[in-house]
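Peer 1:
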Amino acid sequence: MRGIDQPLIIFNSRKPFNDRCADDMKYGDLTEKMLKARFGLFQVSERVDCYTFQKMTIPAYGNMPKLSKEQTAAILFDQLRFEAGRFAFWGPYTGIIHRLFTHMQYCNGKDFYDVQMNQAYKKMIEGDNSSGSTLAVIKKIISQFDFSAYSLTSDDFKAQLINAHLPKYSRFVDNFNGLGISIHEINSTKITLESLRFEQKRYTAVIKYTGQDHFGLDINDISKVKFSLLKIFRIWFVLQRYQLLAYKPFFTNMEARITITGENNA
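Counting with our numbering, you get residues 269 to 534 for the letters of the sequence shown.
1. Count the other C-beta atoms from every protein chain shown that fall within 10 angstroms of the C-beta of V316, then say buried if there are 16 or more, exposed otherwise.
2. Leaving out five residues before and five after I365 in sequence, what residues of the same chain have Cβ atoms less than 6 Å from its Cβ?
3. Do the stretch 500–519 and the stretch 459–475 meet, that is, are 3 or more Cβ pairs less than 8 Å apart?
4. Along the beta strand (DSSP E) that carries S456, what are the first and last residues, could you check?
5. Which residues share a DSSP beta bridge with K323?
6. Could you check whether L434 and I528 sit closer than 8 Å to each other, using their CB atoms as the reference points?
7. Going by the beta-carbon positions, is the gap between G377 and P517 smaller than 8 Å?
8. With H, G and I counted as helix, E and B as strand and the rest as coil, what does DSSP make of I475?
9. Kindly indicate which three-state DSSP category A341 falls into: helix, strand or coil?
10. On the DSSP bridge list, what partners appear for I449?
11. I'd like the span of the alpha helix (DSSP H) that includes T402, first residue to last.
12. Three Cβ pairs or more, each shorter than 8 Å: is that satisfied between the stretch 285–297 and the stretch 474–492?
13. Could you give the DSSP three-state label for Y437: helix, strand or coil?
14. Determine the DSSP secondary structure at K304, reduced to helix, strand or coil.
15. Using alpha carbons as the reference points, say which of S399, K390 and K304 lies closest to A432.
16. Could you check where the alpha helix (DSSP H) with N386 kicks off and where it finishes?
17. Report buried or exposed for Q347, applying the criterion of at least 16 other Cβ atoms within 10 angstroms of its Cβ.
18. Rounded to whole angstroms, what's the CA-CA distance from Y418 to A524? Just pull it up for me.
19. Would you decide whether V383 is buried or exposed? Buried here means 16 or more other CB atoms lie within 10 Å of its CB.
20. Tell me whether T421 sits in a helix, a strand or coil according to DSSP, three-state version.
21. Look at the alpha carbon of R349 and the alpha carbon of S336, and state the distance between them as a whole number of angstroms.
22. Can you find at least 3 beta carbon pairs, one from the stretch 270–283 and one from the stretch 453–469, that sit closer than 8 Å?
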């Protein structure tokens with residue numbers, strides 16, 4: 269029984285990779301007036317005025333000096349990392365969100381790669397044991413395909429994978445392990461069948477998952493009540509979208525290679 273001669277891209281999500289036109293990738297596009305009038309973001313910090321860059325006045329000391337953009341942002345990013353603890357306080361991945369905010373602060377929109385993020389991505393995919401998971405669908409197709417009569421193509425996967433459960437961090441545990449706040453719904457996904465070998469009816473396949481998310485907030489995010497009331501998202505949105513701060517969002521890239529085995533029953 270024959271496998272494949274070259275890798276097959278068997279799924280590409282509707283949302284494209286590297287989409288810098290997405291609203292959550294915009295930065296520095298909103299004025300103070302717009303942020304206040306449209307989103308109610310009058311003050312997001314009790315430590316510094318995010319619009320005037322003035323430290324909050326301590327009565328005993330009188331008026332505080334005006335800070336630079338970088339000094340103001342440093343205070344706000346410190347608050348972000350502190351507030352992130354509400355969403356990242358259990359398990360091995362709690363440090364990812366802190367690294368993401370630090371990356372936003374210093375790396376000027378550069379893509380983000382992280383070994384631990386890849387590990388979490390692989391573990392999540394392998395841990396989805398539902399019949400509608402992408403791995404389950406791929407296994408079913410390979411197990412039932414008639415390799416003696418046909419050559420396997422990407423089209424043999426697409427119709428079923430389009431309805432499969434794509435990997436995303438929406439499990440209950442993701443509310444407090446740091447992954448929900450760091451990544452949540454992965455914006456773009458590509459699945460590649462890298463190799464498929466047979467020993468009689470037994471097969472071994474290597475599947476590569478490539479995922480990309482946007483570490484940024486869009487207008488729809490901040491318009492939701494659950495986002496607009498939480499300090500972490502209020503500060504984040506102002507840091508990103510206020511024209512005098514304009515800290516760049518960026519792409520978070522992740523990948524996982526997973527080996528599956530089974531038997532063809534066609």
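Note that CB positions come from ideal geometry on N, CA and C, so glycine has one too.
The structure displayed is predicted, hence computed values, not measured ones.
Peer 2: On the basis of the supplied data:
1. Working through the sequence shown from its first residue, we reach residue 316 at position 48. Under a 10 Å Cβ-count criterion, V316 is classified as buried, with 16 or more other Cβ atoms of the shown protein chains found around its own Cβ.
2. Stepping through the sequence shown from its first residue, residue 365 is reached at position 97. Once the five neighbours on either side are set aside, the close Cβ partners of I365 are A352, A356, G446, I449 and S450.
3. The count of Cβ pairs closer than 8 Å, one atom from the stretch 500–519 and one from the stretch 459–475, stays below three, leaving the stretches out of contact.
4. In the sequence shown, residue 456 corresponds to position 188, counting from 1. S456 to E467 is the span of the beta strand (DSSP E), which, as asked, contains S456.
5. The residue you call residue 323 lines up with position 55 of the sequence shown. K323 is bridged to V316.
6. Here residue 528 corresponds to residue number 260 of the sequence shown, with the count starting at 1. Here residue 434 corresponds to residue number 166 of the sequence shown, with the count starting at 1. It is not a contact, given that the beta carbons lie outside the stated cut-off.
7. Here residue 377 corresponds to residue number 109 of the sequence shown, with the count starting at 1. Here residue 517 corresponds to residue number 249 of the sequence shown, with the count starting at 1. It is a contact, given that the beta carbons lie within the stated cut-off.
8. The count along the sequence shown starts at 1 and reaches residue 475 at position 207. Reduced to three states, the DSSP call for I475 is strand.
9. Taking the sequence shown and counting its residues from 1, one reaches residue 341 at position 73. DSSP places A341 in helix when its eight states are reduced to three.
10. Reading the sequence shown from its first residue, position 181 is the one you call residue 449. Looking at the DSSP assignment, I449 forms no beta bridge with any residue, so it has no partner.
11. In the sequence shown, the residue the question calls residue 402 occupies position 134. First-last of the alpha helix (DSSP H) with T402: T402 to Q412.
12. Between the stretch 285–297 and the stretch 474–492 there are three or more C-beta pairs closer than 8 Å, enough to call the two in contact.
13. Within the sequence shown, numbered from 1, the residue matching residue 437 stands at position 169. Looking at Y437 - three-state DSSP - the assignment turns out to be coil, as it is neither helix nor strand.
14. Sequence index remark: in the sequence shown, residue 304 carries index 36 (1-based). The answer is helix: DSSP assigns K304 an H, G or I state.
15. By 1-based counting over the sequence shown, the position of residue 432 is 164. Nearest option by C-alpha distance: S399.
16. Position 118 of the sequence shown, counting from 1, holds the residue named residue 386. Annotation for N386: the continuous alpha helix (DSSP H) segment containing it runs V383 to G395.
17. Taking the sequence shown and counting its residues from 1, one reaches residue 347 at position 79. Per the 10 Å Cβ criterion, buried.
18. Taking the sequence shown and counting its residues from 1, the one referred to as residue 418 is at position 150. Taking the sequence shown and counting its residues from 1, the one referred to as residue 524 is at position 256. A direct Cα-to-Cα measurement between Y418 and A524 gives close to 29 Å.
19. Looking up residue 383 in the sequence shown gives position 115. Result: exposed.
20. In the sequence shown, the residue the question calls residue 421 occupies position 153. Reduced to three states, the DSSP call for T421 is coil.
21. Locating residue 349 in the sequence shown gives position 81, where the first residue counts as 1. Locating residue 336 in the sequence shown gives position 68, where the first residue counts as 1. Their backbone Cα atoms lie some 20 Å apart in a straight line.
22. The stretch 270–283, when compared against the stretch 453–469, does touch it at the 8 Å Cβ threshold.
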